[in-house]
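Using this note's numbering, read the sequence shown as starting at 11 and increasing by one per residue.
Each residue gets a CB set at the ideal place from its N, CA and C atoms; glycine is no exception.
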Amino acid sequence: MSFGISNNVRSRVVRTCTPELFRGVIDSPLVAGICAEIEDALEATRRGEMSKEDFDTLKAERKKMLPVITPHATFKNGRRLNADAVPSGLSMYDVDHITDPRGYYKAHVEGREKELGVVLAHVTPSTEGLRLLFVIENGELKIENYKDKNTTGSVLAEAQRRMSEQLGDANYDGAVKDLARCSFLVPRDYILYLDEKALFAEYPANGTQMTQIEQMTTDQNPRKSAPSVSSACHEETNQNNEPADPSTDNSQSFKGVPYKNIIAEWIRLTGGEPQKGERNTRLHRLASHLRYITDNDENLLFAIMPRYDLTEEEMRGLIHSACTAKFCSTPKEMREAVRLAMNNEESIMNNCPADGNNNTSLNTPPALPKKLPGLIKLLLSRTPDIYQPAVAHAVFPALAAHLHKVRFRYIDNVLHEATLMNVLMAGTGAGKDCISEPINRIMADIRLRDEENLRREREWKNEVNSKGANKDKRARPEGLVIQEIDADMTNPAFVMRTAEANGHFLYTKLNEIDQFDALRGGTRGQQQFQIMCLSFDPGNRYGQTRVGTQSVTEKVTIRFNWNAATTILKGKRYFSRVLTDGPISRINFCTIPEREIGADMPVYGEYDAAFDEELRPSIENLCRAVGEVDCPEAFRLAKKLKEECADFARLSQSRIYENLSFRANVIAYLKACVLYVANGRKWDKTMEDFVRWSLKYDLWCKMEFFGTDIEEAMSGSGMASDRQKRRGRTNLLELLPEEFTLADAVRVRQSQGMDAEGARNMLWQWTHRHYITKLTINENDLKGASTSTRPETYKKTEKWK
11 MSFGISNNVR
21 SRVVRTCTPE
31 LFRGVIDSPL
41 VAGICAEIED
51 ALEATRRGEM
61 SKEDFDTLKA
71 ERKKMLPVIT
81 PHATFKNGRR
91 LNADAVPSGL
101 SMYDVDHITD
111 PRGYYKAHVE
121 GREKELGVVL
131 AHVTPSTEGL
141 RLLFVIENGE
151 LKIENYKDKN
161 TTGSVLAEAQ
171 RRMSEQLGDA
181 NYDGAVKDLA
191 RCSFLVPRDY
201 ILYLDEKALF
211 AEYPANGTQM
221 TQIEQMTTDQ
231 NPRKSAPSVS
241 SACHEETNQN
251 NEPADPSTDN
261 SQSFKGVPYK
271 NIIAEWIRLT
281 GGEPQKGERN
291 TRLHRLASHL
301 RYITDNDENL
311 LFAIMPRYDL
321 TEEEMRGLIH
331 SACTAKFCST
341 PKEMREAVRL
351 AMNNEESIMN
361 NCPADGNNNT
371 SLNTPPALPK
381 KLPGLIKLLL
391 SRTPDIYQPA
401 VAHAVFPALA
411 AHLHKVRFRY
421 IDNVLHEATL
431 MNVLMAGTGA
441 GKDCISEPIN
451 RIMADIRLRD
461 EENLRREREW
471 KNEVNSKGAN
481 KDKRARPEGL
491 VIQEIDADMT
501 NPAFVMRTAE
511 ANGHFLYTKL
521 NEIDQFDALR
531 GGTRGQQQFQ
541 IMCLSFDPGN
551 RYGQTRVGTQ
561 SVTEKVTIRF
571 NWNAATTILK
581 GKRYFSRVLT
591 DGPISRINFC
601 TIPEREIGAD
611 MPVYGEYDAA
621 FDEELRPSIE
631 NLCRAVGEVD
641 CPEAFRLAKK
651 LKEECADFAR
661 LSQSRIYENL
671 SFRANVIAYL
681 KACVLYVANG
691 RKWDKTMEDF
701 VRWSLKYDLW
711 CKMEFFGTDI
721 EEAMSGSGMA
731 SDRQKRRGRT
741 NLLELLPEEF
751 TLADAVRVRQ
761 SQGMDAEGAR
771 NMLWQWTHRH
781 YITKLTINEN
791 DLKGASTSTR
801 PETYKKTEKW
811 K
């Protein structure tokens with residue numbers, strides 16, 4: 011049988027591997043470069059120039075970029091699910107943690123390949139292991155071994171045990187019994203033996219036997235379903251309240267998920283089981299929603315829908331009525347039901363290799379890099395793991411407040427100061443106060459100077475208040491630079507503090523976001539949002555003009571960094587009136603994941619004098635900086651990240667993501683510059699990895715918390731079904747097969763809640779950017795067809811990966 015190939019270990023999509031695809035990967039400069047980087051790092055580790063921990067981190071990250079094959083199986087629905095696996099007749103044998111895999115191969119395997127059934131042997135990407143692919147003997151493929159998923163693994167285990175005996179090796183890796191197990195591909199130089207003809211041959215030779223095996227694995231599918239559409243249409247009417255089970259045929263599932271599961275989620279989302287008196291209406295609504303993921307197929311809908319005592323004639327009538335209605339975009343409830351059903355399906359998947367690298371779901375923020383810049387590592391050193399991503403974002407406004415008239419030139423040639431604002435949005439009781447102590451330590455020197463100036467201000471006020479109205483009063487003292495302001499400060503006081511700061515940043519930490527309302531300038535004003543926007547914009551002007559001699563009349567440039575915390579619901583409500591007005595894109599957002607019920611309480615480390623002493627040099631570097639600071643590495647990184655965001659925006663077709671990414675990239679650039687200055691103007695690789703993560707995390711939060719609401723506000727509709735409503739964002743090209751048609755692209759857009767009209771423009775963009783090429787001849791199904799009947803066909807290129 012055939013085996014599968016996928017873009018990388020994180021991808022769910024698998025296609026059948028061909029000799030051409032296999033050769034293209036092993037001869038790819040990208041694959042060669044990744045493996046060379048791993049090998050160089052290993053040599054550096056052996057020389058003592060890199061720690062073992064750093065090497066393991068680099069190796070894991072680089073391996074995620076390599077294409078993979080699934081030697082044990084292909085998959086019926088194109089997704090790596092054990093339940094959908096079709097055994098290939100091949101098995102893997104791993105020998106790990108050996109210093110000389112080539113020597114091991116020479117001593118144990120070379121010259122015996124035919125005897126052992128080996129079709130492929132190669133050094134692993136780490137260069138510290140050997141991998142063999144070999145043919146399972148027909149005796150081990152006997153049908154009864156495939157009667158259930160438990161004994162399926164025993165087939166592979168028995169084959170590996172046999173190989174170990176023949177090699178005289180008891181120390182092999184026995185954790186490769188999973189049909190969905192991946193194997194990283196390597197450059198041709200790493201391949202010690204390849205019998206391409208045998209590798210791509212059909213195993214076993216007896217096709218009838220394999221057909222029986224496939225049938226038995228299908229019968230044992232835990233998502234086992236019912237008859238096909240054609241047979242279901244001729245069955246006795248299903249009078250049960252359960253929907254007819256979907257079969258493992260592709261037509262009976264959507265993206266590998268049984269329709270039964272999707273229907274169950276839809277019923278739960280729409281109020282539970284329909285009650286007597288509403289069943290006809292609810293079933294009509296269900297059919298109206300299901301038609302979007304069943305190609306409007308009335309026979310398929312009849313087979314998969316629950317009946318609730320309706321007759322066959324009534325069911326066919328309501329289904330026909332639903333399918334002849336006007337076609338719009340996929341309803342919100344159906345999109346959410348599909349998402350939940352897919353998440354449930356993936357939660358039971360066992361589709362990652364033993365060295366791990368589970369794919370992050372759309373509803374999980376990007377993971378904090380293991381290797382961090384020195385300053386961030388210090389600031390997180392006393393913080394429990396669950397709070398570290400939030401703290402890693404929240405420390406920047408306070409750090410940047412130490413800079414005085416320091417500017418950084420962004421890639422658009424505009425000079426920016428490090429104006430950074432952060433909002434932590436998390437659930438009640440999530441531990442939002444985790445950011446307080448690191449900020450207190452960062453702000454210690456500023457607070458010390460503020461205390462002296464506050465004392466001078468108090469003495470002057472006492473002196474002025476002690477004199478009569480007609481007495482000469484001393485003018486307000488000069489040099490009253492007070493950077494940390496009170497959360498409930500009024501607008502005039504804010505303007506005065508800004509004027510007296512003489513170019514220094516003001517800073518405050520708000521325990522709740524609505525404390526900002528003190529600056530709103532009246533019961534109906536929204537000056538607090540104006541201040542948020544102006545704080546970010548270079549060269550802004552803000553102030554007030556008053557007639558009274560005692561009133562504040564100033565025009566100032568706002569330099570205001572701040573932190574705020576709020577619950578998710580309150581935060582969404584607070585920004586609901588300014589979704590498209592600018593504050594959200596200018597603020598850096600972070601969150602704290604919800605802990606399991608009954609989880610242990612996180613324990614903090616001690617912030618002691620040693621912590622302060624280690625922090626002091628970074629603070630001093632920030633305070634000493636002056637003028638325009640040039641950081642070429644941060645500048646180049648900003649350009650690279652801009653392109654990465656643009657690429658994702660094109661692939662996801664998300665206008666919201668693109669708009670939010672513009673200023674998010676500026677925020678990431680400013681963070682990079684702050685780290686650079688704090689590190690004594692020295693750049694290191696950890697800064698690049700951290701800043702890239704920071705950008706992705708910020709955009710994840712914005713899309714998760716505000717993406718749908720911004721989309722509704724921009725559409726001017728508020729109706730969930732009018733346009734796409736995606737909290738997260740999805741690379742649409744990943745959802746398409748290697749070769750696809752215009753109709754495929756339309757279906758993918760509609761499955762993500764997008765309109766069909768934008769498909770041609772999307773494909774033009776992808777073609778222009780060389781993500782895909784347009785085929786004049788379909789290489790498979792359309793051979794021999796006339797040009798006039800041939801649909802527009804496209805093929806993915808290497809660049810999109």
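Give the DSSP-derived three-state secondary structure of residue i in the structure shown.
i           : result
residue 315 : coil
residue 506 : helix
residue 716 : helix
residue 672 : helix
residue 572 : strand
residue 28  : coil
residue 737 : Annotation note: pLDDT 48 at residue 737 (below 50); position unreliable, coordinate value reported separately. Coil, per DSSP.
residue 101 : strand
residue 473 : helix
residue 19  : coil
residue 217 : Caution applies to residue 217, whose pLDDT of 42 falls short of 50 and renders its modelled position unreliable; the value that the coordinates give is listed next. In this structure, residue 217 counts as helix in the three-state DSSP scheme.
residue 195 : coil
residue 696 : helix
residue 264 : strand
I believe residue i touches residue j by the beta-carbon criterion, under 8 Å. Please report the beta-carbon distance rounded to the nearest angstrom.
i           : j           : result
residue 190 : residue 83  : 7 Å
residue 820 : residue 436 : Nothing in the structure corresponds to residue 820, since the chain is present only between 11 and 811.
residue 700 : residue 421 : Not really, about 19 Å apart at Cβ, beyond 8 Å.
residue 741 : residue 688 : Incorrect: roughly 35 Å between the Cβ atoms, too far for contact.
residue 602 : residue 400 : 5 Å
residue 709 : residue 670 : 6 Å
residue 682 : residue 647 : 6 Å
residue 202 : residue 112 : 7 Å
residue 139 : residue 105 : 6 Å
residue 684 : residue 406 : 6 Å
In angstroms, rounded to a whole number, what distance separates the CA positions of residue i and residue j?
i           : j           : result
residue 146 : residue 772 : 45 Å
residue 272 : residue 374 : 21 Å
residue 265 : residue 711 : 27 Å
residue 755 : residue 16  : 20 Å
residue 53  : residue 60  : 9 Å
residue 541 : residue 752 : 47 Å
residue 382 : residue 174 : 42 Å
residue 545 : residue 404 : 17 Å
residue 537 : residue 503 : 14 Å
residue 270 : residue 808 : 37 Å
residue 487 : residue 635 : 27 Å
residue 523 : residue 412 : 23 Å
residue 102 : residue 142 : 6 Å
residue 692 : residue 659 : 32 Å
residue 521 : residue 574 : 6 Å
residue 34  : residue 194 : 14 Å
residue 19  : residue 774 : 29 Å
Run through the DSSP bridge pairs and tell me what residue i is partnered with.
i           : result
residue 553 : 565
residue 416 : 637
residue 423 : The partner list for residue 423 (beta bridge, DSSP) is empty, contrary to what the question assumes.
residue 512 : Answer by DSSP bridge pairing: none, since residue 512 is not bridged.
residue 80  : 14
residue 600 : 434
Along the chain, where does the beta strand (DSSP E) containing residue i start, and where does it finish?
i           : result
residue 14  : 14-16
residue 405 : Element bounds for residue 405: n/a, residue is neither H nor E.
residue 783 : 782-785
residue 650 : Taken as a continuous stretch (DSSP letters only), residue 650 belongs to no beta strand (DSSP E), being part of the alpha helix (DSSP H) at 642-662.
residue 131 : 128-133
How far does the alpha helix (DSSP H) with residue i in it reach, from first residue to last?
i           : result
residue 290 : 289-300
residue 91  : Run containing residue 91: none; DSSP gives neither H nor E here.
residue 201 : Per DSSP, residue 201 belongs to no alpha helix (DSSP H); it is in the beta strand (DSSP E), 201-204.
residue 54  : 39-56
residue 806 : Where residue 806 is concerned, there is no enclosing alpha helix (DSSP H), although the beta strand (DSSP E) it sits in stretches over 803-806.
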